[in-house]
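Notes to accompany the following structure.
So, in structure tokens, the structure goes:
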């Protein structure tokens, strides 16, 4: 009897521990921080396929989109704060608000945004843009070149991709690097957009590989204007990156595939 009672007590303690652990993880991921991985090239050069980062949940307040599975725990947004132009944000993509996307905030409610020959203008003033050295990254299983014309030898028998790169500086002084690979590509010339109340104009840093607020919202494609309510959080820090060459049956490749120089980069 005593032994059975002790076993039941141990089982109960273990179940209670699992419940507490699950609640802790739920609270952590819902209100404090959550992981995010990069599936596309739309945010190159800052983010490349295979990057893993942490997203801070608290900067913009909380909504159903902060919670796992979009649980409608409360209406609207609690403790709301608007992002700052230049922030890199994770959000639920219109129109269905089911998938997580990541882009950079370019403008907010009331701003007028237009792109002319690849140059962004905000409220009639062109955003400062300066040509800098090409962006170069090794050709890897998860990061091939868009086209053969951008591939060249990098030494040691390896190949690298090189793309035209610019430094862009928003009116508030936030500066970051962008890629503008092709001239006169789709999205290089747009109408003038007025950002609606409570919305954001978002763009990918890789301007020719990003379906963003320059295009009407379509499921799995462009996003149009994004409601601030759809915000999940702000990109905080890169915690891991892999070039896609790792194999589960070869544990040593877990280390050789890591891009160690990308770990620890903030935003």
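Numbering (the working numbering), first residue to last: 46 to 312. Glycine included, each C-beta is placed from N, C-alpha and C at the ideal position. Remember, it's a predicted structure, so these values are computed and weren't measured experimentally.
Non-local C-beta neighbours of residue 182 in its own chain, meaning closer than 7 Å and more than five positions away in sequence, comprise 93, 188, 205, 206, ordered along the chain.
Counting only residues of its own chain and dropping the five nearest sequence neighbours on each side, residue 238 has a CB closer than 6 Å to the CB of 158. With respect to the 9 Å criterion, residue 256 and residue 267 are classified as neighbours on the basis of their beta carbons.
Beyond the five residues adjoining it in sequence on each side, residue 110 comes within less than 6 Å, by CB distance, of 137, 275, 277 in the same chain, given in chain order. For residue 192, the three-state secondary structure derived from DSSP is coil.
The C-alpha of residue 148 is placed about 13 Å away from the C-alpha of residue 221. Judged by DSSP in its simplified three-state form, residue 273 adopts helix. In the three-state scheme derived from DSSP, where H, G and I count as helix and E and B as strand, residue 97 is classed as strand. Looking at the backbone, the Cα of residue 162 and that of residue 231 are separated by about 10 Å. In the pairwise beta carbon analysis, the region 97-114 is classified as not touching the region 185-201: fewer than three pairs are separated by under 8 Å.
Residues 127, 130, 240, 245 of the same chain have their beta carbon placed closer than 7 Å to that of residue 153, with the five preceding and five following residues left out of the count. The residues 138, in chain order, have a CB closer than 6 Å to that of residue 144 in the same chain once the five nearest residues on each side in sequence are set aside. According to DSSP, residue 198 shares a beta bridge with 204. By the beta-carbon neighbour count (other beta carbons within 10 angstroms, threshold 16), residue 198 is exposed. Within the same chain, and ignoring the five residues on either side of residue 286 in sequence, the residues whose Cβ sits closer than 6 Å to its Cβ are 95, 96, 304, 307.
Where residue 180 is concerned, there is no enclosing alpha helix (DSSP H), although the beta strand (DSSP E) around it starts and stops at 173-183.
By the beta-carbon neighbour count (other beta carbons within 10 angstroms, threshold 16), residue 114 is exposed. If you keep only unbroken beta strand (DSSP E) runs of at least 3 residues inside the region 128-180, you get 133-137, 145-153, 157-161, 164-167. For residue 220, the beta-bridge partners assigned by DSSP are 214.
Remark: C-beta atoms of residue 223 and residue 252 approach each other more closely than 9 Å.
Excluding five sequence positions before and after residue 243, the CB atoms of its chain that fall closer than 8 Å to its own CB belong to 154, 272, 273, 274, given in chain order.
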